[in-house]
Structure formats: C-alpha cells, structure tokens
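In full-length UniProt numbering, the protein residues as written are 1 to 64.
Think of the CB as a built atom: it goes at the ideal place given N, C-alpha and C, for glycine as much as any other residue.
Small disclaimer: the values here were computed from a predicted structure and weren't measured.
Remarks on the structure that follows.
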Amino acid sequence: MVYQKDMMISEVLYSHEDVFEIFEKHGLPCSVCNGAGSESLEIAARVHGCDLEKLLEDLNDLQL
C-alpha cells in the first residue's frame, strides 16, 4: 500500500500495526478523533499543524 494525502484516516489507522505510533509522533490524535471516518490525511495534517510530506514519508517507510 502506498499512503497518499487523500486517503481517509480510518483507512490508514488499521493498515499497519505501527501507524498509531507514527500518528502520535506527528501530534495526530486520530485514533480517538470523531473526524477519523471523514477526514483525509491532508486535512488532519492541516488542522493539527503537521508536516504532511514528512508524515507521508514516515508512513510509506513502513512498507520497507
């Protein structure tokens, strides 16, 4: 799986066991957020002041 900015948070959350740790590292409390089912990674990053490119890089590194 390649993680992209338009993916829904809910889709990403359970795609890999280390996603929660990466979200925490980037200050994203998405695992307890009501918006997880309707927000994309891009929106979540913007709302929480997270560097979207670095988040995507870390998520995509999970594939290695």
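DSSP places residue 31 within a helical segment (H, G or I) once states are collapsed to three.
Across the set 63, 8, 61, 4, the C-alpha of 8 shows the shortest separation from the C-alpha of residue 34. In the displayed model, residue 40 falls within a strand according to three-state DSSP. The beta-carbon distance between residue 62 and residue 26, rounded to whole angstroms, is 13 Å. This is too long to meet the 8 Å contact definition.
Rounded to the nearest whole angstrom, the C-alpha separation of residue 31 and residue 20 is 7 Å. Separation of residue 18 and residue 57 (C-alpha to C-alpha, rounded to the nearest whole angstrom) is 14 Å.
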